[in-house]
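K.L.:
The structure under discussion is supplied below as structure tokens; questions concerning it will follow.
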Amino acid sequence: MADSSPAPAPTSSHALPSPGGPGTSTQPHQPPHPNNNQDIISVKNLQLPAGVVAPDVWGKAKEQPALLTVSLVLRGEGFGKAAEGDRLDASTIHYGELSKRIRTACSTPNQTAGHVSAHAERVIAEMSRKTATSSIVARSVVVVHLPKASMYGDGITLTNITDYDERGRTRAARRVFVVKGLKLMLLVGVNGYERSGKQPVLASLWLDLGGAGGLEGGGSGSGGTVALFNLEQTLVQITQDTSFETLESLAEFTVKQLQQRLLNKMLPGSQVQLRLEKPRAIPFADAPAVEVFRETPGGAGAARYPMPSAEPFVGSIQHHRAETVATADSMDQTGGGRVERLNIIRPYV
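What follows is the structure, encoded as structure tokens:
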């Protein structure tokens, strides 16, 4: 998914790739293997035969279109044998068969994004296990993109990233919730002419929800996480009346408000990245931009990982894998001296 979000590598013994991208200082990537070789098989924007039930732009749970992207990082020598013999063999994954099986599995009416991810991961596990005790996939990335779930942006993305051991058992996992390309009209700038009217600002936000251990006490249910489908509405409320001169101040203020209003109570220990762009600021550039990466207080025992980069990459962060059932819910949160009614959904229960 060109607009989704995985992230740079954790500083652990099983370092994940670091994708880099605009606005970051990371290297192109570092594969999860001891050497610098890495083979990846992916299917991008697979259309599903049935829609996904999720909150629409009005906060109502409705069936809507979804695009699925899966990427598989192969273990060891990758598909070297298949490449050498110019034929499909046990060293690779037949991406045509992978697509057919996923579409068949994801054809149930009233399925949720969580159901789609779980079905896709089950198919991946089946196809990657070449013997009873060995699997050729080291990491899977499953991205569910909901293009109609965003009012102001390019859609909402749920990314599940799982690392597997040599036998195909889950070793580490994380989730990322992304809303990207929100088109905001804000009063921001240091020049006199910029103070005379609002200009477009593009906002993208990545929320690293971590694993279950990092979300205990976050109100997400046992082993679950809360995906805030109305997150963009909260960003609009936070920024619409601001008048900062610099993007730096605007970014810092926005993240702090987001944490105070939502994340501190609901998702302690979660990590958030906010990227702001001013596409009209420099005539001969697409846009200047700033990014901030912050960890939400709380969540004792949560693993610490670098945040998602501005561009997607298959080897990014991990997510916590769980069977899923979606339920609509709501919660009152107080911020800025007023009570806001926030619709949320729990796609992972």
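What the sequence shown shows, in the numbering used here, is residues -12 to 336, in sequence order. Where a beta carbon is used, it is the ideal one built from N, C-alpha and C, also for glycine.
1) Going by alpha carbons, who is nearest to phenylalanine 164 out of Arg109, Leu133, Lys265 and Lys117?
2) For serine 104, which option in Ala53, Gln247 and Leu245 has the closest C-alpha, if you only look at C-alpha atoms?
3) Taking only runs of the alpha helix (DSSP H) that begin and end inside the segment 170 to 202, which ones reach a length of at least 4 residues, in chain order?
4) On the three-state DSSP scale, how would you describe alanine 160?
5) How do the segment 57 to 65 and the segment 118 to 125 stand: do at least 3 beta-carbon pairs fall below 8 Å, yes or no?
6) Compute the Euclidean distance between the alpha carbons of glycine 38 and serine 29, then round it to the nearest angstrom.
7) May I ask you to list the residues that DSSP assigns as paired with histidine 132?
8) Which of the three DSSP states, helix, strand or coil, is assigned to glycine 67?
9) For lysine 87, which residues of its own chain have a beta-carbon under 7 Å away from its beta-carbon, when the five flanking residues on both sides are left out?
10) Kindly confirm or deny that the segment 248 to 268 and the segment 178 to 195 touch, where touching means at least three C-beta pairs closer than 8 Å.
11) Return helix, strand or coil for isoleucine 89, following the three-state DSSP convention.
12) Given that a residue counts as buried once 16 or more other Cβ atoms are within 10 Å of its Cβ, and exposed if not, what is valine 128?
13) For tyrosine 139, which of helix, strand or coil comes out of DSSP?
14) Per DSSP, what kind of secondary structure is alanine 272 in: helix, strand or coil?
15) In whole angstroms, what is the alpha-carbon distance linking leucine 171 and asparagine 147?
16) Pull up the DSSP beta-bridge partners for alanine 48, would you.
17) Please return the same chain residues whose Cβ sits closer than 8 Å to the Cβ of lysine 135, not counting the five positions on each side in sequence.
18) Based on Cα-Cα distance, which residue from Lys49, Asn23 and Leu55 lies nearest to leucine 33?
19) Tell me whether the beta-carbon of valine 277 lies closer than 9 Å to the beta-carbon of leucine 234.
20) What does the alpha-carbon distance come out to for the pair glutamate 153 and threonine 120?
21) So, under 8 Å CB-CB, alanine 92 and arginine 74 are touching, yes? Tell me the CB distance rounded to an integer number of Å.
22) How about glutamine 34: is its C-beta nearer than 9 Å to some C-beta of chain B?
P.N.:
By the coordinates alone:
1) Translated into the one-based positions of the sequence shown, residue 164 becomes position 177. When only C-alpha atoms are compared, the closest one is Leu133.
2) Counting from 1 along the sequence shown, the entry for residue 104 is found at position 117. Ranking Ala53, Gln247 and Leu245 by Cα distance to serine 104 puts Ala53 first.
3) none
4) Against the sequence shown, residue 160 aligns to sequence position 173. Reduced to three states, the DSSP call for alanine 160 is strand.
5) yes
6) Walking along the sequence shown from the start, residue 38 turns up at place 51. Walking along the sequence shown from the start, residue 29 turns up at place 42. So the two alpha carbons sit approximately 21 Å from each other.
7) Counting from 1 along the sequence shown, the entry for residue 132 is found at position 145. In DSSP, histidine 132 forms a bridge with Leu54 and Thr144.
8) For the purposes of this step, residue 67 is taken as the residue at position 80 of the sequence shown. Of the three classes helix, strand and coil, the one that applies to glycine 67 here is helix, per DSSP.
9) Along the sequence shown, one-based indexing puts residue 87 at 100. Hits under 7 Å: none found.
10) yes
11) Against the sequence shown, residue 89 aligns to sequence position 102. Reduced to three states, the DSSP call for isoleucine 89 is helix.
12) As a first step, residue 128 must be located in the sequence shown, where it is residue number 141. Label assigned to valine 128: buried.
13) Walking along the sequence shown from the start, residue 139 turns up at place 152. The answer is coil: DSSP assigns tyrosine 139 none of H, G, I, E or B.
14) Here residue 272 refers to the residue found at position 285 of the sequence shown. Note: alanine 272 maps to coil in three-state DSSP.
15) The residue you call residue 171 lines up with position 184 of the sequence shown. The residue you call residue 147 lines up with position 160 of the sequence shown. For leucine 171 and asparagine 147, the distance between alpha carbons rounds to 28 Å.
16) Stepping through the sequence shown from its first residue, residue 48 is reached at position 61. DSSP lists Pro42 as partners of alanine 48.
17) Here residue 135 is taken as the residue at index 148 of the sequence shown, counted from 1. Around lysine 135: Asp43, Val44, Gln51, Pro52 and Gly142.
18) Along the sequence shown, one-based indexing puts residue 33 at 46. With distances taken between Cα atoms, leucine 33 lies closest to Leu55.
19) Here residue 277 refers to the residue found at position 290 of the sequence shown. Here residue 234 refers to the residue found at position 247 of the sequence shown. Contact: yes.
20) Locating residue 153 in the sequence shown gives position 166, where the first residue counts as 1. Locating residue 120 in the sequence shown gives position 133, where the first residue counts as 1. So the two alpha carbons sit approximately 8 Å from each other.
21) Looking up residue 92 in the sequence shown gives position 105. Looking up residue 74 in the sequence shown gives position 87. Contact doesn't hold; Cβ gap of about 27 Å is too wide.
22) Chain labels in this structure do not include chain B; a single protein chain is all it has.
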